[in-house]
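Student:
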Amino acid sequence: AQKITQTQPGMFVQEKEAVTLDCTYDTSDPSYGLFWYKQPSSGEMIFLIYQGSYDQQNATEGRYSLNFQKARKSANLVISASQLGDSAMYFCAMREGGYQKVTFGTGTKLQVIP
Amino acid sequence: GAVVSQHPSRVICKSGTSVKIECRSLDFQATTMFWYRQFPKQSLMLMATSNEGSKATYEQGVEKDKFLINHASLTLSTLTVTSAHPEDSSFYICSAAGGHEQYFGPGTRLTVT
Numbered sequence: 001a002q003k004i005t006q007t008q009p010g011m012f013v014q015e016k017e018a019v020t021l022d023c024t025y026d027t028s029d030p031s032y033g034l035f036w037y038k039q040p041s042s043g044e045m046i047f048l049i050y051q052g053s054y055d056q057q058n059a060t061e062g063r064y065s066l067n068f069q070k071a072r073k074s075a076n077l078v079i080s081a082s083q084l085g086d087s088a089m090y091f092c093a094m095r096e097g098g099y100q101k102v103t104f105g106t107g108t109k110l111q112v113i114p
Numbered sequence: 001g002a003v004v005s006q007h008p009s010r011v012i013c014k015s016g017t018s019v020k021i022e023c024r025s026l027d028f029q030a031t032t033m034f035w036y037r038q039f040p041k042q043s044l045m046l047m048a049t050s051n052e053g054s055k056a057t058y059e060q061g062v063e064k065d066k067f068l069i070n071h072a073s074l075t076l077s078t079l080t081v082t083s084a085h086p087e088d089s090s091f092y093i094c095s096a097a098g099g100h101e102q103y104f105g106p107g108t109r110l111t112v113t
């Protein structure tokens, strides 16, 4: 079974609008961490935001926020006020328990339209 | 955030030759580094976990004799693709674990002709 599922292969958003990228995960470990990364066409992986399974509040980093719904096992990324530079691939990822290795979803390609 | 470098950024080699890719953590010591491979329009697939001073742990389906990993110091891990073939052409990315984050290198694009 897929540990990380991103059901949106591609998304379009108008500049200055908000967009939500979906991510669901599957784990039986009570301790885990969820990540979102941005990968522009250059290929580098840019860390955006992190949510720990025991964190009480949703993580926020500037224009990025993570809508963490633990019971539903979802960790959607919300980008507010989209900019043209936000056009990229976005990957949701998870680290389980004490393991350091991270499992990635299949990614969502976001295109911001002027 | 922490900086991880990779060298080279791009390499073209002939089929049958070996290629070495370096991954360095520039401002912190990384006891654990990870090597990923990414084919075009696909996700990152973990190849192996590189542990300083010990043997790497390979993911299922990854040939350890083909993808040699050496983690000789706390700041350097190397991946050597031996006897490369065109199907090994891919984007190889390393990362270093630091706290709850993973810091990624900029990647190496390998093309085998």
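Chains as they are written, first to last, in this note's numbering: chain Y, 1 to 114; chain G, 1 to 113. Ideal placement from N, C-alpha and C gives every residue a C-beta, glycine not left out.
1. Is it true that the CB of Lys20 (chain G) sits closer than 8 Å to the CB of Thr113 (chain G)?
2. Taking only beta-carbon positions, decide if Val102 (chain Y) is within less than 8 Å of chain G.
3. Which of the three DSSP states, helix, strand or coil, is assigned to Gly85 (chain Y)?
4. Quick one: using the 10 Å Cβ neighbour count with 16 as the cut-off for buried, is Ile12 (chain G) buried or exposed?
5. Measure how close the beta-carbons of Leu79 (chain G) and Tyr92 (chain G) come, nearest whole angstrom, since I'm counting them as under 8 Å.
6. Looking only at C-alpha atoms, which of G:Thr108, G:Leu110 and G:Ser95 sits nearest to Phe28 (chain G)?
7. Out of curiosity, what's the CA-to-CA distance linking Glu52 (chain G) and Met33 (chain G)?
8. To the nearest angstrom, how far is it from the Cα of Pro30 (chain Y) to the Cα of Ala30 (chain G)?
9. Contact between the stretch 98–113 of chain Y and the stretch 69–89 of chain Y: three or more CB pairs below 8 Å?
10. With DSSP run on the structure shown, which of helix, strand or coil describes Glu87 (chain G)?
11. Let me make sure I understand the geometry here. Which of Y:Met94, Y:Gly105 and Y:Phe104 has the alpha-carbon closest to that of Ser28 (chain Y)?
12. Using 8 Å as the threshold, is the stretch 53–67 of chain Y in touch with the stretch 1–8 of chain Y, meaning 3 or more CB pairs across them?
13. So, helix, strand or coil for Val62 (chain G), using DSSP?
14. Which bits of chain G does Met94 (chain Y) rub up against, with CB to CB less than 9 Å?
15. Have a look at G:Glu59, G:Pro86 and G:Cys23 and flag the residue whose alpha-carbon is nearest the alpha-carbon of Leu110 (chain G).
16. DSSP three-state label for His100 (chain G), please.
17. Pick out whichever of G:Phe39, G:Thr49 and G:Met45 has its Cα sitting closest to the Cα of Gln100 (chain Y).
Tutor: Taking the coordinates as given:
1. With contacts defined as CB atoms closer than 8 Å, Thr113 (chain G) and Lys20 (chain G) fail to qualify as a contacting pair.
2. With 8 Å as the cut-off, Val102 (chain Y) counts as an interface residue toward chain G.
3. DSSP places Gly85 (chain Y) in helix when its eight states are reduced to three.
4. Burial call: exposed.
5. Contact annotation, Leu79 (chain G) with Tyr92 (chain G): C-beta distance approximately 6 Å; criterion of less than 8 Å satisfied.
6. It is G:Ser95 whose Cα lies nearest to the Cα of Phe28 (chain G).
7. Using only the alpha carbons, I get a separation of about 8 Å.
8. The straight-line gap from Cα to Cα measures roughly 26 Å.
9. Taking a cut-off of 8 Å for Cβ pairs, the stretch 98–113 of chain Y and the stretch 69–89 of chain Y touch, as three or more such pairs fall below it.
10. Of the three classes helix, strand and coil, the one that applies to Glu87 (chain G) here is helix, per DSSP.
11. If you compare the alpha carbons of Y:Met94, Y:Gly105 and Y:Phe104 with that of Ser28 (chain Y), the shortest gap goes to Y:Met94.
12. Touching, no, given that fewer than three Cβ pairs across the two stretches are closer than 8 Å.
13. Here Val62 (chain G) sits in coil by DSSP.
14. For Met94 (chain Y), no chain G residue has a Cβ inside 9 Å of its Cβ, as the nearest lies near 12 Å away.
15. For the residues G:Glu59, G:Pro86 and G:Cys23, the minimum Cα distance to Leu110 (chain G) belongs to G:Pro86.
16. In this structure, His100 (chain G) counts as coil in the three-state DSSP scheme.
17. Of the candidates G:Phe39, G:Thr49 and G:Met45, the one whose C-alpha sits nearest the C-alpha of Gln100 (chain Y) is G:Thr49.
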